[in-house]
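Asks: Starting off with a structure, shown below.
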Amino acid sequence: MFRNFLLKMFPRSLWVYHANSGGCNGCDIEVLNVLTPYYDAERFGIKLVASPRHADVMLCQGPAMRSTAAALKRAYEAMPSPKIVFAIGSCACGGGIWHDLYNVIGPIERIVPVSYYIPGCPPRPEAILYGVALAMGLVDKKVIPTNLKQEELPIPRYHPEDLIQQESMPVYKKLEKV
Ligand code: SF4
């Protein structure tokens, strides 16, 4: 149903604005890869624009950072409605490996409303292209949604207080579970 709604909202070419709010550039390279003649996103009518004022879609990479959050919000607000946002990469979707840094706010959904998530570190160009094409109703969904369960794994802890003396050598004692 949302797909039909999107097709109605964006019946012609999609103009995309590419924003990086603080990623490592790995996802940027893959997004730019999608726009090269090799993957040729323009055959789906997907065109890169330089200003958010001309864009229907924001492709966002990197986590929400304290230093760039205001600029990201301003860019989103500059886009004319209707507009959609794709979070591309693990950082944009959930904060990624930087999620608990002092200068990171977390996933970009804390700053701008996200319509679609394309995870991966970085996601392959095929996955980005597939995600955008799927959202626009250009291709059919090939996988069924699954619920993933987080496994509890013992994480080794290395604190000086865990050191024991073993045959003239200090070694870390084995911990059953931390
Ligand atoms: S998801 Fe991975 S590749 Fe993409 S910006 Fe984050 S760390 Fe870099």
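Counting in this note's numbering, the sequence shown runs from 1 upward without gaps. Cβ atoms here follow ideal geometry from the backbone N, Cα and C, with glycine treated the same way. As the structure is a prediction and not an experimental result, all values here were calculated from the model.
(1) In whole angstroms, what separates the C-alpha of P123 from that of Q166?
(2) Does the distance from the C-beta atom of I118 to that of A69 stay below 7 Å?
(3) Would you say the beta carbon of C91 comes nearer than 6 Å to a heavy atom of the ligand SF4?
(4) Residue range of the beta strand (DSSP E) that I164 falls in?
(5) Tell me which residues share the same chain as S90 and place their Cβ nearer than 7 Å to its Cβ, disregarding the 5 neighbours each side in the sequence.
(6) Any contact between the segment 58–65 and the segment 11–30? By contact I mean 3 or more CB pairs, one from each, below 8 Å.
(7) Could you spell out the range, first to last residue, of the beta strand (DSSP E) harbouring N20?
Replies: The structure says:
(1) 46 Å
(2) no
(3) yes
(4) 163–166
(5) G96, P119, G120, C121
(6) yes
(7) 14–20
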